[in-house]
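Under numbering that gives the first Met the number 0, the letters of the sequence shown match residues 0 to 235, in that order.
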Amino acid sequence: MKVLVIPDVHLKPWMFDRASEIMKSGAAEKAICLMDIPDDWGQEYNLGLYENTFDSAIQFQKTFPDTLWSYGNHDMSYEWLQYESGFSSMAIPVVNAKLSALRRELPDRSQMAFIHRIDDVIFLHGGLTHAFVKYYANDMDYDDTDAVIEKVNLLGRNEMWDDASPLWSRPQYYYEKMYRESDILQVVGHTPVEKIDRIGNVISCDLFSTYRTGDPIGTQEFLLIDTVTWEYKGIK
């Protein structure tokens, strides 16, 4: 299946407009958003931008109802009231109301979760490590990826609000053995990169994040990946 990946959004509603154009062109069969929909540099009081961005996400979901959504740390920080960089106390009611509205548009509530799998590719915000699975899914068959994902998707704040969790892990910065490195590919956002990059079994695609000045860090491309062949490319 050809999948279009919408990486970390961070209050850029126009990303959904561009992704919609790509989907309508027939380039992909399904879209997956790695979320981090709220928060960006210096926008803590711009509640109109928070609303506009979530409304664009909701409209995208209405247009493409089988879209999948993988929670990011910035989304969950509002649900769990965990303060971090960019967190806006003013935006708490807006973010939580809009997240609920987005969920109501899902034909199946499982379309929004920490991790999704298509063929032998998993999509998530940060990255799934070998150690995390061994610790938190030790009662599962390690090689039963569906069972492992189901277990991780049921974890809560105590387990997930941690640097080693699939919400926060940054395999781009340091080496750590990843889950099933030889036969499961991971597609992740969370850590800004300058270009689409694959290291081991992890493809990083957070290409829309910016510096404090607003200048882009990455190429502002969407990742298009074939989940059968693992071939991928960027789409401007």
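Yeah, the Cβ is synthetic: ideal placement off N, Cα and C, and Gly gets one too.
Just so you know, these numbers come straight off a predicted model, no measurement behind them.
About 33 angstroms separates the CB atoms of M177 and G213; that is not less than 8 angstroms, and the two are not in contact. Annotation for S88: no alpha helix (DSSP H) segment contains it, and DSSP assigns it neither H nor E. At the C-beta level, G71 and H115 stay beyond 9 angstroms of one another.
Scanning its chain for C-beta atoms nearer than 7 angstroms, with the 5 sequence neighbours on each side dropped, one finds around L154 the residues Y135, in chain order.
Taking R103 as reference, the option from V151, A26, N45, W68 with the minimal CA-CA separation is W68. Ranking D38, L10, I5, P37 by CA distance to the CA of M22 puts I5 first. Among the bridge pairs identified by DSSP, P215 is matched with T209. When the five nearest sequence neighbours on each side are left out, the beta carbons in the same chain lying within less than 7 angstroms of the beta carbon of E180 are those of G199, N200, in order along the chain. For Q185, DSSP records a beta bridge to I121, V201. With a threshold of 16 other beta carbon atoms within 10 Å, L184 meets it and is buried.
In this structure the segment 73-83 does not touch the segment 44-54; the number of beta carbon pairs closer than 8 angstroms is below three. Selection H9, A112, I234 evaluated against P191 yields H9 as nearest (Cα-Cα). For V4, the three-state secondary structure derived from DSSP is strand.
Per DSSP, S69 is one residue of the beta strand (DSSP E) stretching across 67-69. The Cβ atoms of A96 and T66 lie no closer than 9 angstroms to each other. With a contact defined as Cβ atoms closer than 8 angstroms, Y231 and I202 qualify at about 7 angstroms. Ranked by Cα distance from R169, the options G126, M89, F207, D140 are led by G126.
For A27 and F15, the gap between their C-alpha atoms comes out near 14 angstroms. Residue state for H115 is assigned as strand, using DSSP reduced to three classes. By the CB criterion at 9 angstroms, F131 and L33 fall outside the cutoff.
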